[in-house]
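K.L.:
As you go down the protein sequences, you meet chains V and C in turn. If you read the first sequence in our numbering, its first letter stands for residue 1, the second for the next number, and so on. If you read the second sequence in our numbering, its first letter stands for residue 1001, the second for the next number, and so on.
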Amino acid sequence: MGLLTSAASRAEVPVFPVVGAGGREAAEALWLLPGVRMVDTPRAAAVLVVIGRLTRALLQPVLLVHDQMPGPRATLWWPVDGRPADDGTDGDEGLLAALPDVVTTTAGDAAGLRAVFADLLAGRRPWGPPALADIESPRWRGVGPYGHGGEGMMGGVPYGRPFAEMAQDPDGLMLDQLPLQIGPLFPALPPGLVLHLGLQGDVIRGVTLGDNPYRSWPGDPPVGPLDSVPFLDARTSPTTVAALEVARARHHLRWLARTLRLHGLDARGRRIAALAGGLSATDRPAVEALARRLGRDRGLAGATAGVGVADQATLEPLGIELAGGPVARAAGVAIDARTDDPAYAGLDFEPVVHHGGDARARLRQRVAEAAQALALAERAGDAVRSPGPPVEGPRGPLAPGRTMPSSSLIHLLPTLLDGQEWGDAVTTVASLDLDLEEAAVDQSATAWPQTPTGTSTASTRTP
Amino acid sequence: MATDADRDVDGIDEDAVSWSDPLPAVLLVGAVLVAGAYATSVLDTAAAHLVAGRRLRLGELVLGPWREAALLAHMRRSTTERPDVQTWALAPALLAGMAAVAVATVPLAPGVAVADVADGIVLFGAAMALVMVGVYLHGWSSNSVFPLVGGYRFVALALSYEMPLALVLIAAALPAESLSVGAIVESQQGLWNVVRQPLGLPLFLVAGMGLASWGPLGMSDGTDLAGGTSAESSGGARLVWALARRFVLVAVAVTGAAVFLGGWHGPVLAGGLWMALKTLVLLAVLVGVGHRVARIRLERFVVVAWAVLIPLALIDVFVSGALVL
């Protein structure tokens, strides 16, 4: 092994993560592993880590990501619900068939990841060809029913690529508009989000939502476990208020950490992600100090103020205004399921409310709710909440028979994103804290947690 | 890059090494850029660990940049469908070349300058203006959406960087009554421009950070664009682009040290050491800000640049001019 290779094998491992079904919890750990660096593009990655179960709809995008890695490359699979790799369900089987050298390791195993990387660079682990065939794109055969379509020099799909069309821009000029599909694995969007949109320069025009890749069909395993497991469980079984509130604070802090990373603040995000990982009620002063610091942060305020305004009028038609949740409370709606919950009766609970309904208000709302949640956890002591009333989850109220919060929130996107610059669109999407897997619960033929399987590891974790 | 005819500085010892000869010139500028890029990476690692509250081993700090460079050199270069291969290769070379031109205009110690020409800061400004071409070409070449959007972003912002940059440099030239960087350094004996023109250095650093597409102004290569102009770059191509961007940052820091922090002036230590120290301080400031301040919105920055930064830079010019009169 030459000097160069030897030095290279000691570098931080550039990893591109793919979050499959049930993989959100374990994905949080990846960011904090020592000697591992999450990269923005598969072109910079040496190791692809597939976390959780691959659904059928995710298989093809994952193989594309694999083929985009320049090599030497390896693929790691972190199953999260303890099922064997070859139980013949879903996209997992397809992954193993298409990439025979996938290594299955325990989720969060840094040593295993580094070992695969070192073997790869030393040449002890061969790396394979692309998983997808390199197909020559369709020939251009002129305008018309057998050609690329379109009109004159514009539109259509010459050589298999959608071509720009003319459309009016916000200033009333006729400019090129490129039709695009973004997602489901675009790293700056929530895992699984697919957007069909037109781009005029970096301005977004006309957004429609694509299919949710986490959606399961009859015969598929159910989606989940979701990242809001403690709250879902609280609908049916007694839970301590303290545990719920610490889980809420952790959820919001993790969201904050991911959001800071998108704003170019990876290191600050990591610090908060580490705090969130070991969070307990005694961290209240640290979280309150964090909330004060973020409140004074002019840079972050400038990056989020006035971006993605979802006021009460925007929320009302989607039913979010009446349902509550942090997005509604950031727009001044003082609705919180905890107000009427007897378990919170003696805890002096008042919903936190912010005004403006923009990305900045949502950021402040979640940080304030995290600090409030830890204060409640301290005051609650051993108080136990009995099932019955709706549970206020981290994204909104959860009750049997009610749509999941992400299912409603996701429908804000077409309205909010139209006309935004790309950077603002990423800020807006992040500020809504969407979980596509949660949204899939309402769209799926089989949905966790109504079915008993798949609840194994995450539901037994105590915060 | 520079011929003897370009030299226009008085008081250079003719017996000393002629830094404008090709070999010494290339070695000197190359050494400054590479050492500066390495220092940038070390400072960046240190700042990232400090801000993240993570433990850092000395070996990781010192060897980390080399290991990462070795890994990128080891990885394959992938390509996209129908890229513009020539311009893709040319873009980092152009960026690095412009950084080299900028460094060449700066005297690193008394008499140690490759091309301390009479119009040094004009040449620096011209080189920094061409950075835009390099970044845009890099975004254009891969024939891919997000790199191209990264390129657009830089073009949309470039004028907002270049205007304040040019103005504060003009202000710095006024007390020296010369556009030569050497003369500007000489004029700071006793009083550095950072004190004489307090607006100059902050405005210069903001513009310089933008030109290097770094930290809060790292819009052309941002996380929100999956890496922007470098979203499709891998292996060696990724390495040279990362290096070229650092070279621009180093050129900004070296020039800032000379124009605003008194260059080689300072007690006890040799002039070259003072330059190195001042450059490192500016690099540390640039890198530190990158880890503390969120990426600014494109539209907001243009408004801030034209409504605040450029007027401030004009005030800087007028006040400096009035003081000279």
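We put the beta carbon where it would ideally sit given N, CA and C, even for glycine. Quick caveat, the model's predicted, so the values are computed rather than measured.
Within a Cβ cutoff of 7 Å, which residues of the same chain sit near residue 428 of chain V, ignoring the five residues on either side of it in sequence?
P.N.:
The count along the first sequence starts at 1 and reaches residue 428 of chain V at position 428. Once the five neighbours on either side are set aside, the close Cβ partners of residue 428 of chain V are 307, 308, 359, 416, 417, 420.
K.L.:
Please return the same chain residues whose Cβ sits closer than 8 Å to the Cβ of residue 1172 of chain C, not counting the five positions on each side in sequence.
P.N.:
The count along the second sequence starts at 1 and reaches residue 1172 of chain C at position 172. If we look at residue 1172 of chain C and ignore the five residues flanking it on each side, its Cβ neighbours are 1121, 1184, 1193, 1197, 1200, 1259, 1260, 1320.
K.L.:
Using only CA atoms, which one of C:1226, C:1166, C:1159 lies nearest to residue 263 of chain V?
P.N.:
Translated into positions along the first sequence, residue 263 of chain V becomes position 263. Among C:1226, C:1166, C:1159, the Cα nearest to that of residue 263 of chain V belongs to C:1226.
K.L.:
Taking 8 Å as the threshold (C-beta atoms), are residue 1142 of chain C and residue 1066 of chain C in contact?
P.N.:
Start at 1 with the first residue of the second sequence, and residue 1066 of chain C comes out as number 66. Start at 1 with the first residue of the second sequence, and residue 1142 of chain C comes out as number 142. No, the Cβ-Cβ distance between residue 1066 of chain C and residue 1142 of chain C is not below 8 Å.
K.L.:
Flag residue 1152 of chain C as yes if its beta-carbon sits less than 8 Å from any beta-carbon of chain V, otherwise no.
P.N.:
Taking the first residue of the second sequence as 1, we reach residue 1152 of chain C at position 152. So yes, residue 1152 of chain C belongs to the interface.
K.L.:
Under 8 Å between the Cβ atoms of residue 1220 of chain C and residue 1151 of chain C?
P.N.:
Taking the second sequence and counting its residues from 1, one reaches residue 1220 of chain C at position 220. Taking the second sequence and counting its residues from 1, one reaches residue 1151 of chain C at position 151. It is a contact, given that the beta carbons lie within the stated cut-off.
K.L.:
Taking only beta-carbon positions, decide if residue 314 of chain V is within less than 8 Å of chain C.
P.N.:
Along the first sequence, read from residue 1 onward, the residue named residue 314 of chain V stands at position 314. Closer than 8 Å: no.
K.L.:
Give a yes or no on whether 8 Å exceeds the smallest Cβ distance from residue 1324 of chain C to chain V.
P.N.:
Reading the second sequence from its first residue, position 324 is the one you call residue 1324 of chain C. Not one chain V Cβ lies under 8 Å of residue 1324 of chain C.
K.L.:
Three-state secondary structure (DSSP) at residue 221 of chain V?
P.N.:
If you number the first sequence from 1, residue 221 of chain V lands on position 221. Residue 221 of chain V falls in the coil class under three-state DSSP.
K.L.:
Helix, strand or coil: which one does DSSP assign to residue 73 of chain V?
P.N.:
In the first sequence, counting from the first residue as 1, residue 73 of chain V sits at position 73. Residue 73 of chain V falls in the coil class under three-state DSSP.
K.L.:
Suppose contacts are defined by Cβ-Cβ distances below 8 Å. Is residue 22 of chain V in contact with residue 53 of chain V by that definition?
P.N.:
Locating residue 22 of chain V in the first sequence gives position 22, counting from the first residue. Locating residue 53 of chain V in the first sequence gives position 53, counting from the first residue. Their beta carbons are under 8 Å apart, which means residue 22 of chain V touches residue 53 of chain V by this criterion.
K.L.:
Could you pull the start and end residues of the beta strand (DSSP E) that residue 176 of chain V belongs to?
P.N.:
Translated into the one-based positions of the first sequence, residue 176 of chain V becomes position 176. Looking at the DSSP string, the run of the beta strand (DSSP E) that includes residue 176 of chain V is 174-182.
K.L.:
From which residue to which residue does the alpha helix (DSSP H) around residue 1154 of chain C run?
P.N.:
Working through the second sequence from its first residue, we reach residue 1154 of chain C at position 154. Counting along the chain, the alpha helix (DSSP H) containing residue 1154 of chain C begins and ends at 1145-1176.
K.L.:
Thinking just about the alpha-carbon of each residue, which of C:1177, C:1182, C:1174, C:1136 is nearest to the one in residue 1157 of chain C?
P.N.:
Here residue 1157 of chain C corresponds to residue number 157 of the second sequence, with the count starting at 1. Minimum Cα distance to residue 1157 of chain C is reached at C:1136.
K.L.:
Which term fits residue 1059 of chain C, buried or exposed, when burial requires 16 or more other beta carbons within 10 angstroms of its beta carbon?
P.N.:
Taking the second sequence and counting its residues from 1, one reaches residue 1059 of chain C at position 59. The residue in question, residue 1059 of chain C, is exposed, as its Cβ has fewer than 16 Cβ neighbours within 10 Å.
K.L.:
Ignore the nearest five residues each way along the sequence and tell me which others in residue 462 of chain V's own chain have a CB closer than 6 Å to its CB.
P.N.:
Position 462 of the first sequence, counting from 1, holds the residue named residue 462 of chain V. Bear in mind that a pLDDT of 28 at residue 462 of chain V, under 50, signals an unreliable position, so the number given afterwards is only what the model happens to contain. Taken in chain order, the list of residues that qualify is empty.
K.L.:
Could you check whether residue 326 of chain V and residue 366 of chain V sit closer than 8 Å to each other, using their CB atoms as the reference points?
P.N.:
Along the first sequence, one-based indexing puts residue 366 of chain V at 366. Along the first sequence, one-based indexing puts residue 326 of chain V at 326. Contact: yes.
K.L.:
What three-state label does DSSP hand residue 163 of chain V in the structure shown?
P.N.:
The residue you call residue 163 of chain V lines up with position 163 of the first sequence. The answer is coil: DSSP assigns residue 163 of chain V none of H, G, I, E or B.
K.L.:
From the DSSP output, in three-state form, read off residue 1188 of chain C for me.
P.N.:
Looking up residue 1188 of chain C in the second sequence gives position 188. In this structure, residue 1188 of chain C counts as coil in the three-state DSSP scheme.
K.L.:
Work out the CA separation of residue 1212 of chain C and residue 173 of chain V for me, nearest whole Å.
P.N.:
The sequence position of residue 173 of chain V within the first sequence is 173, counting from 1. The sequence position of residue 1212 of chain C within the second sequence is 212, counting from 1. Residue 173 of chain V and residue 1212 of chain C: Cα-Cα distance of roughly 32 Å.
K.L.:
What would DSSP say about residue 1056 of chain C, mapped onto helix, strand or coil?
P.N.:
Residue numbering aside, residue 1056 of chain C sits at position 56 when the second sequence is read from its first letter. Coil.
K.L.:
Pick out whichever of V:202, V:194, V:221 has its Cα sitting closest to the Cα of residue 209 of chain V.
P.N.:
Taking the first residue of the first sequence as position 1, residue 209 of chain V is located at position 209. Comparing Cα-Cα distances from residue 209 of chain V to each of V:202, V:194, V:221, the minimum goes to V:194.
K.L.:
What number of angstroms, rounded off, separates the C-alpha of residue 1265 of chain C from the C-alpha of residue 1028 of chain C?
P.N.:
Reading the second sequence from its first residue, position 265 is the one you call residue 1265 of chain C. Reading the second sequence from its first residue, position 28 is the one you call residue 1028 of chain C. So the two alpha carbons sit approximately 20 Å from each other.
K.L.:
Listed from N- to C-terminal order along the chain, which residues in the segment 1222-1236 of chain C have their beta-carbon within a distance smaller than 9 Å of any beta-carbon of chain V?
P.N.:
Those residues of the segment 1222-1236 of chain C that come within reach of chain V (Cβ to Cβ, closer than 9 Å) are 1222, 1223, 1224, 1225, 1226, 1227, 1228, 1230, 1231, 1232, 1233, 1234, 1235.
K.L.:
Got a sec? Which residues, its chain only, sit under 7 Å from residue 87 of chain V by beta carbon, not counting five neighbours each side?
P.N.:
Indexing the first sequence from 1 puts residue 87 of chain V at position 87. Because residue 87 of chain V carries a pLDDT of 49, less than 50, the predicted location of this residue cannot be relied on, and the following value inherits that uncertainty. Cβ within range, chain order: n/a, list empty.
K.L.:
Under 8 Å, with one C-beta from each stretch per pair, do the segment 371-381 of chain V and the segment 294-305 of chain V reach the 3-pair mark?
P.N.:
No contact exists between the segment 371-381 of chain V and the segment 294-305 of chain V.
K.L.:
What in chain C is Cβ-close to residue 240 of chain V, meaning under 9 Å?
P.N.:
Position 240 of the first sequence, counting from 1, holds the residue named residue 240 of chain V. Those within 9 Å of residue 240 of chain V in chain C number zero; the least Cβ separation is about 29 Å.
K.L.:
Let's see if you can read the secondary structure: which residues bound the beta strand (DSSP E) around residue 38 of chain V?
P.N.:
By 1-based counting over the first sequence, the position of residue 38 of chain V is 38. That run of the beta strand (DSSP E) goes 36-38.
K.L.:
Could you tell me the alpha carbon to alpha carbon distance between residue 1013 of chain C and residue 1111 of chain C, rounded to whole angstroms?
P.N.:
Working through the second sequence from its first residue, we reach residue 1013 of chain C at position 13. Working through the second sequence from its first residue, we reach residue 1111 of chain C at position 111. Residue placement at residue 1013 of chain C is poorly supported in this model, since its pLDDT is 48, which falls under 50; the coordinates still yield a value, given next. Looking at the two C-alpha atoms, the distance is approximately 7 Å.
K.L.:
Nearest to residue 267 of chain V by CA position, among C:1247, C:1288, C:1248, is which residue?
P.N.:
The count along the first sequence starts at 1 and reaches residue 267 of chain V at position 267. Ranking the options by Cα distance to residue 267 of chain V, first place goes to C:1288.
K.L.:
How would you list, in chain order, the residues of chain V whose beta-carbon sits under 7 Å from the beta-carbon of residue 1074 of chain C?
P.N.:
In the second sequence, residue 1074 of chain C corresponds to position 74, counting from 1. Chain V residues near residue 1074 of chain C: 4, 5, 8, 121.
K.L.:
Rounded to whole angstroms, what is the Cα-Cα separation between residue 1064 of chain C and residue 1162 of chain C?
P.N.:
Position 64 of the second sequence, counted from the start, is the residue given in the question as residue 1064 of chain C. Position 162 of the second sequence, counted from the start, is the residue given in the question as residue 1162 of chain C. One C-alpha to the other measures close to 33 Å.
K.L.:
For the putative contact between residue 352 of chain V and residue 369 of chain V, defined by C-beta atoms under 8 Å, what is the C-beta separation to the nearest angstrom?
P.N.:
The sequence position of residue 352 of chain V within the first sequence is 352, counting from 1. The sequence position of residue 369 of chain V within the first sequence is 369, counting from 1. Correct: roughly 5 Å between the Cβ atoms.
K.L.:
Since residue 1203 of chain C and residue 1316 of chain C should fall inside the 8 Å C-beta cutoff, what is the C-beta to C-beta distance between them, to a whole number of angstroms?
P.N.:
If you number the second sequence from 1, residue 1203 of chain C lands on position 203. If you number the second sequence from 1, residue 1316 of chain C lands on position 316. Yes, residue 1203 of chain C and residue 1316 of chain C are in contact; Cβ-Cβ is about 7 Å, under 8 Å.
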